[in-house]
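Right, one structure below, let's go through it.
Residue numbers (this note's numbering): 6 to 358.
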């Protein structure tokens, strides 16, 4: 167990190894703050059970699905791997009902054509070129010449043809030939067209049964198991990132792996156990758990003789490791000095420019 005496001795030895003892002196006491580092992951398997009414259009084979009486009582062993997801579909015993549809054969009269198979259609449509406005320059599509022959007719003779209504030469639209309308391309002038919804059959699939003529209804139970991973990093703040990284790389971490069946080992340090227990409490719906966690005690040390330094001490593989960071006061002093140098350089550059 790491003690304050061990921590101060490690700081003294570190100073001696750096050759700083003659110049800086060896500390006789120090202000020690303890940090307990806990890191790792906890994977929990969360189970939910739900029931739903299902309706299938047509026949369906449900023989391969497990049966149950009461979903909450259906036995299912906890997973060996909490990280594995599972969705199990079940059928309530006695709930399957195959019902012939009232439509008989899955067909009903088409709602658009009311079972006729065709729709009314205008036999002609307005000419797309003249839009029925200037179908003929002499009769306006009426067959009675009401206008004099236009002077510009000679200039546009290649665009105009003889009118079928009044016979005027080079006066009619070349597309409709003076009629103002053309035969409908859809019905080809018949006045009716095939219903596009039923392709002229007059019937369409019954929506309730999907055209199958029957439906199958049942009560479905679903058991869903989903993993939830919790990343553990304690403390979340209050410790410099660099110090934590050094401890992560060089520290002699105490590790443990626990499942939902395991209790916290008695051999763990008291602080390690205190950090573990609240994080291993079961969550709602939890049926399995696997925790891989590691623990490292770390001491923050400030000694009166070296106020500009902060020592971080933690167990290493063979001995206590010591890592040094400047104190917050020294950090501000360094930052101020850097800013002062930058200000001087800026003023010099302005004077020389």
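Backbone N, C-alpha and C define an ideal beta-carbon position, used for all residues, glycine too.
Identity of the residue in 327, 81 and 231 nearest residue 14 by Cα = By 1-based counting over the chain shown, the position of residue 14 is 9. With distances taken between Cα atoms, residue 14 lies closest to 327.
Count the CB pairs spanning the stretch 164-182 and the stretch 115-124 that are closer than 8 Å, and state whether there are at least three.
-> no
Among 311, 296, 317 and 345, which has the Cα closest to the Cα of residue 304?
-> Translated into positions along the chain shown, residue 304 becomes position 299. Of the candidates 311, 296, 317 and 345, the one whose C-alpha sits nearest the C-alpha of residue 304 is 317.
Could you name each continuous alpha helix (DSSP H) segment of 4 residues or more that falls completely within the stretch 259-321, going from the start of the chain to the end?
-> 275-284
For the beta strand (DSSP E) containing residue 219, list its first residue and its last residue.
-> Residue numbering aside, residue 219 sits at position 214 when the chain shown is read from its first letter. Note, residue 219: beta strand (DSSP E), 219-239.
Helix or strand or just coil, what does DSSP make of residue 210?
-> Within the chain shown, the letter at position 205 stands for residue 210. Reduced to three states, the DSSP call for residue 210 is strand.
With 16 other CB atoms within 10 Å as the buried threshold, where does residue 2 fall?
-> In this structure the chain extends from 6 to 358, so residue 2 is not present and cannot be described.
Own chain, CB closer than 8 Å to residue 149, minus 5 neighbours either side, in chain order = The residue you call residue 149 lines up with position 144 of the chain shown. Hits under 8 Å: 171.
Is the stretch 45-64 touching the stretch 220-237 in the sense that three or more CB pairs, one from each, lie closer than 8 Å?
-> yes
Unbroken beta strand (DSSP E) run spanning residue 51, endpoints = Reading the chain shown from its first residue, position 46 is the one you call residue 51. Looking at the DSSP string, the run of the beta strand (DSSP E) that includes residue 51 is 36-62.
What does DSSP give as the partner residues of residue 95 in its beta bridges?
-> Taking the first residue of the chain shown as position 1, residue 95 is located at position 90. According to DSSP, residue 95 bridges with 226.
Cβ distance (whole Å) where residue 185 is taken to contact residue 108 below 8 Å | Mapped onto the chain shown, residue 185 falls at position 180. Mapped onto the chain shown, residue 108 falls at position 103. Actually they do not touch by this definition, with Cβ atoms about 47 Å apart.
Please confirm whether residue 192 and residue 132 have their CB atoms less than 9 Å apart.
-> For this step, residue 192 is matched to residue 187 along the chain shown. For this step, residue 132 is matched to residue 127 along the chain shown. No; because the gap between Cβ atoms is not below 9 Å, this pair is not in contact.
Close beta carbons around residue 187, own chain, < 7 Å, minus the five adjacent residues each side | What you label residue 187 is simply residue 182 of the chain shown in a count that begins at 1. If we look at residue 187 and ignore the five residues flanking it on each side, its Cβ neighbours are 129, 130, 132, 180 and 181.
Assign residue 20 to one of three DSSP states: helix, strand, or coil.
-> For the purposes of this step, residue 20 is identified with residue 15 of the chain shown, where counting begins at 1. In this structure, residue 20 counts as helix in the three-state DSSP scheme.
Measuring alpha carbon to alpha carbon, tell me which of 205, 134, 20 and 47 ends up nearest residue 261.
-> In the chain shown, counting from the first residue as 1, residue 261 sits at position 256. Nearest C-alpha to residue 261: 47.
Under a three-way DSSP split, which group does residue 9 fall into?
-> Position 4 of the chain shown, counted from the start, is the residue given in the question as residue 9. Correct three-state label for residue 9: helix.
Which residues in the same chain as residue 320 place their Cβ atom closer than 8 Å to its Cβ, once the five residues preceding and following it in sequence are excluded?
-> Mapped onto the chain shown, residue 320 falls at position 315. Excluding positions up to five away in sequence, the list reads 7, 256, 257, 301, 302 and 326.
How would you label residue 280, buried or exposed, when you count the other beta carbons within 10 angstroms and need 16 or more for buried?
-> Within the chain shown, residue 280 is the residue found at index 275, counting from 1. The residue is buried, with at least 16 neighbouring Cβ atoms inside 10 Å.
Throw me the rounded Cβ distance for the residue 183 and residue 127 pair, which I believe falls under 8 Å.
-> Counted from its first residue, the chain shown places residue 183 at position 178. Counted from its first residue, the chain shown places residue 127 at position 122. About 19 Å; that fails the 8 Å criterion.
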